[in-house]
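Reviewing the structure listed below.
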Amino acid sequence: MKANARLHFAHLPTPIEELPRLTEALSGPRILIKRDDQTGLAFGGNKTRKLEFLVAEAREQGAKTLISAGAIQSNHCRQTVAAAARFGFDCTLVLTGEKPKQASANFLLDQLFGAEIITVADRKDRDRILQETFDNAVAAGRKPYLVPYGGSSPTGSLGYIFAMEEFMNQNMKVDWIVFGTSSGGTHAGLVLGQRMFAFKGKVLGISIDEPEEKLKSHVSELASQASEKLGERINFTRDDVLANEDYCQAGYGVFGAGEREAIHLFANKEGLLLDPVYTGRAAAGMIDLIRKGFFTKDETVLFWHTGGQPALFADKYSNSLL
Ligand SMILES: Cc1ncc(COP(=O)(O)O)c(C=O)c1O
Numbered sequence: 001m002k003a004n005a006r007l008h009f010a011h012l013p014t015p016i017e018e019l020p021r022l023t024e025a026l027s028g029p030r031i032l033i034k035r036d037d038q039t040g041l042a043f044g045g046n047k048t049r050k051l052e053f054l055v056a057e058a059r060e061q062g063a064k065t066l067i068s069a070g071a072i073q074s075n076h077c078r079q080t081v082a083a084a085a086r087f088g089f090d091c092t093l094v095l096t097g098e099k100p101k102q103a104s105a106n107f108l109l110d111q112l113f114g115a116e117i118i119t120v121a122d123r124k125d126r127d128r129i130l131q132e133t134f135d136n137a138v139a140a141g142r143k144p145y146l147v148p149y150g151g152s153s154p155t156g157s158l159g160y161i162f163a164m165e166e167f168m169n170q171n172m173k174v175d176w177i178v179f180g181t182s183s184g185g186t187h188a189g190l191v192l193g194q195r196m197f198a199f200k201g202k203v204l205g206i207s208i209d210e211p212e213e214k215l216k217s218h219v220s221e222l223a224s225q226a227s228e229k230l231g232e233r234i235n236f237t238r239d240d241v242l243a244n245e246d247y248c249q250a251g252y253g254v255f256g257a258g259e260r261e262a263i264h265l266f267a268n269k270e271g272l273l274l275d276p277v278y279t280g281r282a283a284a285g286m287i288d289l290i291r292k293g294f295f296t297k298d299e300t301v302l303f304w305h306t307g308g309q310p311a312l313f314a315d316k317y318s319n320s321l322l
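In this note's numbering, the protein residues as written are 1 to 322.
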């Protein structure tokens with residue numbers, strides 16, 4: 001296997017825990033959780049694993065500034081600017097949405113970590129402004145490295161290939177891995193890791209904001225590209241990717257009854273925190289699938305927690321949590 005540059009700052013391996021009280025409350029299958037909300041780096045989350053490779057690549061290229069983009073309450077951006085601070089890069093974030101009057105949650109943390117922030121009111125202008133920001137940084141000699149949306153390039157996906165290896169080494173018998181999927185890097189890494197490390201169960205992404213067909217084609221292509229980074233291309237097809245689009249109809253970041261119930265159940269039954277946008281929605285999907293009998297009682301389902309909890313404290317969500 002070809003080696004790729006990697007920095008080691010994630011707290012690994014993340015633990016796997018049993019959720020017996022949640023299983024009981026749902027009369028469901030055995031449920032486990034993999035705690036990637038505990039990966040370290042600014043409250044943890046799935047981006048830590050991707051950033052180990054992305055920041056290493058930025059360093060190799062001689063970059064001085066990390067540039068990335070996302071929503072105002074982006075977890076990815078919060079972790080990117082924390083990594084920038086830790087490894088001595090400047091960081092510019094292009095954030096979409098109305099600039100909050102008072103900074104809270106991820107948007108507050110972005111500033112604490114020293115991000116230069118450019119807000120874009122309308123999402124349709126985001127790609128253009130991100131490109132202009134990048135071009136201006138090049139012109140000013142700031143040596144930028146573009147961290148893609150969600151860290152989901154082939155390089156970023158490497159983090160989740162090795163997460164699958166880590167999981168296999170934890171020796172748990174699991175039939176399903178369930179998690180939230182959006183920009184696809186986590187999903188692509190897990191699918192490629194599944195092939196490489198012979199995980200026999202199924203890897204099911206609950207879509208946060210994308211149609212199933214789009215995820216299948218994007219994730220299979222990203223997994224194929226990521227395999228090239230390891231030395232030999234493996235061609236994945238749409239059929240290699242399992243995705244469920246049933247829980248994202250309300251739109252990105254729209255907090256509804258399903259997310260609220262999932263957050264309450266995990267909190268009340270297991271003392272665990274989910275986030276309102278990603279893991280809350282993914283868990284709502286898993287809970288609904290359990291109730292519908294999608295998993296059999298003798299199966300084991302592992303919920304892969306991808307982090308995001310700081311967003312709980314954004315006014316937009318905290319006001320409607322209870
Ligand atoms: C907490 C959390 N979970 C899941 C995801 C989705 O991961 P990916 O973008 O790799 O699909 C994100 C993306 O930002 C996230 O912040």
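We treat Cβ as the ideally placed atom computed from N, Cα and C, and that holds for glycine.
Extent of the continuous alpha helix (DSSP H) to which residue i belongs
| i | result |
| --- | --- |
| residue 161 | 154 to 169 |
| residue 270 | 257 to 270 |
| residue 126 | 126 to 139 |
| residue 75 | 75 to 87 |
| residue 22 | 20 to 26 |
| residue 219 | 212 to 229 |
| residue 316 | 315 to 318 |
| residue 188 | 185 to 196 |
Limits of the beta strand (DSSP E) - the one that residue i falls within
| i | result |
| --- | --- |
| residue 297 | Taken as a continuous stretch (DSSP letters only), residue 297 belongs to no beta strand (DSSP E), as it is neither H nor E. |
| residue 144 | 144 to 146 |
| residue 71 | 65 to 71 |
| residue 31 | 30 to 35 |
| residue 180 | 176 to 181 |
Simplified DSSP state of residue i, which is helix, strand or coil
| i | result |
| --- | --- |
| residue 41 | coil |
| residue 9 | coil |
| residue 202 | strand |
| residue 96 | strand |
| residue 239 | helix |
| residue 290 | helix |
| residue 119 | strand |
| residue 17 | strand |
| residue 209 | coil |
| residue 46 | coil |
| residue 244 | strand |
| residue 110 | helix |
Alpha-carbon to alpha-carbon, residue j and residue i
| i | j | result |
| --- | --- | --- |
| residue 81 | residue 29 | 39 Å |
| residue 242 | residue 187 | 9 Å |
| residue 12 | residue 125 | 38 Å |
| residue 113 | residue 271 | 29 Å |
| residue 65 | residue 130 | 14 Å |
| residue 15 | residue 301 | 15 Å |
| residue 279 | residue 229 | 29 Å |
| residue 44 | residue 232 | 31 Å |
| residue 216 | residue 182 | 11 Å |
| residue 218 | residue 148 | 14 Å |
| residue 140 | residue 132 | 12 Å |
| residue 162 | residue 69 | 25 Å |
| residue 315 | residue 56 | 35 Å |
| residue 202 | residue 239 | 12 Å |
| residue 106 | residue 72 | 8 Å |
| residue 75 | residue 257 | 22 Å |
| residue 276 | residue 307 | 10 Å |
| residue 78 | residue 120 | 17 Å |
| residue 305 | residue 53 | 20 Å |
| residue 273 | residue 85 | 26 Å |
| residue 197 | residue 103 | 43 Å |
| residue 259 | residue 309 | 13 Å |
| residue 282 | residue 59 | 34 Å |
| residue 180 | residue 135 | 33 Å |
| residue 152 | residue 62 | 21 Å |
Distance cut-off 6 Å: residue i Cβ against heavy atoms of ligand 2
| i | result |
| --- | --- |
| residue 317 | Among the ligands present in this structure, namely ligand 1, ligand 2 is not found. |
- Residues near ligand 1, CB to any non-hydrogen atom under 6 Å, in chain order? Neighbourhood of ligand 1, defined by CB distance below 6 Å to any of its heavy atoms: 45, 46, 75, 76, 150, 152, 180, 181, 182, 183, 184, 185, 186, 187, 275, 278, 279, 306, 307, 308, in chain order.
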